[in-house]
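A.B. asks: Protein chains in written order, with this note's numbering: chain A, 9 to 119; chain B, 5 to 414. In this text, a Cβ means the ideal position worked out from N, Cα and C, and glycines have one as well.
Structural data, given as structure tokens:
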């Protein structure tokens, strides 16, 4: 079976990451419990997608040799850029959750 | 869950971490962005150390020439289309090439390291400017922290240039040749630094030994010094506190200083957030703005027109070409000395930005010198004046290293 192309994986990543980040941001100000739940589900989905992308990358680089075929290099770079995007989304969600936690405890300390 | 909290309590107790974790942090420093950039620079340093560790596993320093087919160079790395079917590159370049294009996740690793370095330099510059404007050196203990900060900033930019040299691409070799030529300046002033550096490096041509010394300096010596100074700086901030807010009303200022939060969990949570947001931004830069590996260089080859040094030193390159080299070559040293003596020169008693307007203008001029030169260097191609100071020494095919070589300095 052919693996998903980098552009399909990039769109899938964006489709999961964009609503998750928006919901985590909105829930941070409303109810942090739901923010954590949504964030956790989003991170799990993105990590599953990252695991798939990492598998494709490892398989692709198993066929690399020196000097390489430039088409393979370009494909490898494209998959790695998608993987970087997935890790960026995961880090963004975790970062937002941590800052949300600080905002809540800081606010509580001043009430 | 209970067992984990018990273990955590035991950990805190046995390692005497209670005092550290509960040390008070003023709330204004947690929420005012002017107080964040030192942390951003420090976190970038640790991210660089982490990625650098893995890069060091794959990188091989060396100027031995390897011939590769021109078709195996990525089109985005080329400044000009290759003239021949085969291209000469150094061992260093090939190992960087292997990391970037032939190693799984190597592309992410190299790009992340590069962008983290750029982020660290940017954070250092903003942090320096913020502390300059705030006059943070005026409080008790602030002068020592300022001194450490200026030295750390200087080392950071040096570290960036050393790292940029390592792949031995055209831009890297340009940076190296400018760096080696810089030491001539001291010789012209009658300070025999140039010869001392050449004796240390073994040559002022990029030989195997020079590249190895640069590699060791980049991965071991400079990071060790940075870590030591950073440790002293963190210690100073932990026990001396952060700089007071620039508020004129003494009562309000005092109230803000006394409005504190414990480091754990407050600042700790914020720092975790900052680390992940920083990683996120860096990964986004890797995904959307990957930087080219650039063209290879081989011993004996000229650096063609159009090649520019990395942006952290671009301002310097621009001024060396624009202004009489006798004045411009020593600019970084003069700027470093000025930054070091700022706490001695600034005798103003003001606290707010309005009261300190003279020093705010000086800070703005200082940053504008760097910013103007950097931007100009990228938008205008200034022809290089070839003078004894600025000439880029072209190394011979096989440079004979070490002190028996007649010194080309001067």
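Which stretch, first to last residue, makes up the alpha helix (DSSP H) that contains residue 95 of chain B?
C.D. replies: 95-101
A.B. asks: DSSP three-state call for residue 115 of chain A: helix, strand or coil?
C.D. replies: helix
A.B. asks: For residue 78 of chain A, which of B/240, B/104, B/336 has the nearest alpha-carbon?
C.D. replies: B/104
A.B. asks: Does the count of Cβ pairs from the stretch 149-164 of chain B and the stretch 125-134 of chain B closer than 8 Å reach three?
C.D. replies: yes
A.B. asks: Are the C-beta atoms of residue 23 of chain A and some chain B residue less than 8 Å apart?
C.D. replies: no
A.B. asks: Going by C-alpha distance, which of B/12, B/269, B/299 is nearest residue 79 of chain B?
C.D. replies: B/299
A.B. asks: Tell me whether the beta-carbon of residue 146 of chain A lies closer than 8 Å to the beta-carbon of residue 112 of chain B.
C.D. replies: Residue 146 of chain A cannot be examined here, being either before or after the span of chain A that is shown, 9 to 119.
A.B. asks: Specify the secondary structure class of residue 246 of chain B as computed by DSSP and reduced to three states.
C.D. replies: coil
A.B. asks: Cβ of residue 265 of chain B less than 8 Å from any chain A Cβ?
C.D. replies: yes
A.B. asks: At a CB distance below 9 Å, what residues from the stretch 280-313 of chain B approach chain D? Give them in sequence order.
C.D. replies: Absent from the structure: chain D. Protein chains present are A and B.
A.B. asks: Which bits of chain A does residue 108 of chain B rub up against, with CB to CB less than 7 Å?
C.D. replies: The contacting residues are 65, 66, 69.
A.B. asks: Taking a Cβ distance cut-off of 7 Å, strictly less, list which residues of the stretch 253-277 of chain B are near chain A, in chain order.
C.D. replies: 265, 269, 270, 273, 274, 276, 277
A.B. asks: Going by DSSP in three states, residue 46 of chain A sits in which element: helix, strand or coil?
C.D. replies: Secondary structure of residue 46 of chain A (DSSP, three-state): helix.
A.B. asks: Check for me: the beta strand (DSSP E) holding residue 264 of chain B runs from which residue to which?
C.D. replies: 264-266
A.B. asks: Would residue 105 of chain A be called buried (16 or more neighbouring beta carbons within 10 Å of its own) or exposed?
C.D. replies: buried
A.B. asks: Comparing alpha-carbon positions, which option in A/54, A/22, A/76, A/60 lies nearest residue 12 of chain A?
C.D. replies: A/60
A.B. asks: Got a sec? Which residues, its chain only, sit under 7 Å from residue 23 of chain B by beta carbon, not counting five neighbours each side?
C.D. replies: none
A.B. asks: Using a Cβ-Cβ cut-off of 8 Å, state whether residue 91 of chain A counts as contacting chain B.
C.D. replies: Chain B, which has a Cβ nearer than 8 Å to the Cβ of residue 91 of chain A, makes this yes.
A.B. asks: Which residues mark the beginning and the end of the alpha helix (DSSP H) in which residue 72 of chain B is found?
C.D. replies: Segment 69-73 is the beta strand (DSSP E) holding residue 72 of chain B; no alpha helix (DSSP H) there.
A.B. asks: Comparing the C-beta of residue 73 of chain B with each C-beta of chain A, is any distance below 8 Å?
C.D. replies: yes
A.B. asks: Residue 88 of chain A CB to nearest chain B CB: under 8 Å?
C.D. replies: yes
A.B. asks: Mapping the DSSP letters down to three states, classify residue 108 of chain B as helix, strand or coil.
C.D. replies: coil
A.B. asks: Where residue 27 of chain B and residue 38 of chain A are concerned, what is the direct C-alpha to C-alpha distance, given to the nearest angstrom?
C.D. replies: Answer to the nearest angstrom: the Cα atoms are 30 Å apart.
A.B. asks: Determine the direct distance from the alpha carbon of residue 278 of chain B to that of residue 358 of chain B, and round the result to whole angstroms.
C.D. replies: 31 Å
A.B. asks: With respect to the alpha helix (DSSP H) encompassing residue 14 of chain A, which residues constitute its N-terminal and C-terminal limits?
C.D. replies: 14-38
A.B. asks: Have a look at A/87, A/28, A/67, A/53 and flag the residue whose alpha-carbon is nearest the alpha-carbon of residue 9 of chain A.
C.D. replies: A/67
A.B. asks: Give, in chain order, every residue of the stretch 74-86 of chain A whose Cβ lies closer than 8 Å to some Cβ of chain B.
C.D. replies: 74, 75, 76, 78, 81, 82, 84, 85
A.B. asks: What is the C-beta distance between residue 88 of chain A and residue 109 of chain B, in whole angstroms, given that I count them as a contact (C-beta under 8 Å)?
C.D. replies: Right, their Cβ atoms sit about 7 Å apart.
A.B. asks: For residue 65 of chain B and residue 219 of chain B, which I take to be in contact (beta-carbon distance under 8 Å), what is that distance rounded to the nearest angstrom?
C.D. replies: 4 Å
A.B. asks: Closer than 9 Å, Cβ to any Cβ of chain A: which residues of the stretch 100-125 of chain B, in chain order?
C.D. replies: 101, 102, 104, 105, 106, 107, 108, 109, 110, 111, 112, 115, 116
A.B. asks: How many Å lie between residue 180 of chain B and residue 366 of chain B at the Cα?
C.D. replies: 31 Å
A.B. asks: Tell me which same chain residues have a C-beta within less than 7 Å of the C-beta of residue 290 of chain B, skipping the five on either side of it?
C.D. replies: 112, 115, 116, 119
A.B. asks: Can you check DSSP and say which residues form a bridge with residue 173 of chain B?
C.D. replies: B/300
A.B. asks: Which residues in chain B sit within 7 Å of residue 107 of chain A, going by Cβ to Cβ distance?
C.D. replies: 274, 277
A.B. asks: Could you tell me whether any Cβ in chain B is nearer than 8 Å to the Cβ of residue 96 of chain A?
C.D. replies: yes
A.B. asks: Measuring only the C-alpha atoms, how far is residue 47 of chain A from residue 57 of chain A?
C.D. replies: 15 Å
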